[in-house]
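Colleague:
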Amino acid sequence: MTSINVPKYKEVSPANQAIFDNLKSKLGFVPNLYAMLAHSEHALTNYLAFQNGKSSIVGKAREVVDLVVSQVNCSEYCLAAHTVISKSIGLTDEQIIEIRGGTASFDPKLDALARLVRDVVVSRGHVDATIVNAFYAAGWTKENLIDAILVIGDRTVTTYLDAVTHAPVDFPAAPTL
Numbered sequence: 039m040t041s042i043n044v045p046k047y048k049e050v051s052p053a054n055q056a057i058f059d060n061l062k063s064k065l066g067f068v069p070n071l072y073a074m075l076a077h078s079e080h081a082l083t084n085y086l087a088f089q090n091g092k093s094s095i096v097g098k099a100r101e102v103v104d105l106v107v108s109q110v111n112c113s114e115y116c117l118a119a120h121t122v123i124s125k126s127i128g129l130t131d132e133q134i135i136e137i138r139g140g141t142a143s144f145d146p147k148l149d150a151l152a153r154l155v156r157d158v159v160v161s162r163g164h165v166d167a168t169i170v171n172a173f174y175a176a177g178w179t180k181e182n183l184i185d186a187i188l189v190i191g192d193r194t195v196t197t198y199l200d201a202v203t204h205a206p207v208d209f210p211a212a213p214t215l
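In structure tokens:
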């Protein structure tokens, strides 16, 4: 398995260097998966614009999507990063493990989201209608459905990038299931 080297801090274009500087000031480092995007002149800018776009899926709901997609797509990098983020917003280790399995019994609304996301990813969008109906019955809206699909797309990009490039994980490893 061949991996692509992570570009060094000063080996990127001026535009990507400015993004690296911003990431370093906000996060204290440039995550390796973001650095991989800097092999392209435009990918890092485009990805960050997509990732940081406005959405009705925020906070714990966003992390539910991120964790489920990362687990289904077997991304060690994304699982590690989103485990750290999930803990920082108040999810417990037990809740994170359960979410990765595609459920969230501790919160009916998040449970409906987790089940929907898992089915979307596993079925490649050919979702069982009962799962969509359960999603709506839990209090989610059509806007939430569309935004959840966009977040699935966001996380799919990074899980695929991880699978292809094998970026070294620079977050504490997530527990294995």
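FYI, in the working numbering the residues of the sequence shown are 39 to 215. Just so it is clear, CB atoms sit at the ideal spot from N, CA and C, and this is done for glycine as well. Everything numeric in this text was worked out from a predicted model, so none of it was measured.
(1) Decide if L199 is buried, meaning its Cβ has at least 16 other Cβ atoms within 10 Å, or exposed.
(2) Residue ranges of each alpha helix (DSSP H) run of no fewer than 4 residues wholly in the region 140 to 213, ordered along the chain?
(3) Do Q109 and D192 come within 8 Å of each other at the CB atom, strictly closer than that value?
(4) Using C-beta distances below 7 Å, list every residue in its chain close to E101, excluding the 5 sequence neighbours before and after it, in chain order.
(5) Among the candidates V159, V160, S161, A142, whose CA atom is the shortest distance from the CA of A152?
(6) Who are the Cβ neighbours of I137 in its own chain at under 7 Å, not counting the five residues just before and after it?
(7) Kindly indicate the opening and closing residues of the alpha helix (DSSP H) around C112.
Modeller: Checking against the coordinates, here is how it stands:
(1) buried
(2) 146 to 160, 167 to 175, 180 to 203
(3) no
(4) H120, I123, S124, I127, L129
(5) A142
(6) V102, L105, V106, A152
(7) First-last for C112: undefined, no H or E at that position.
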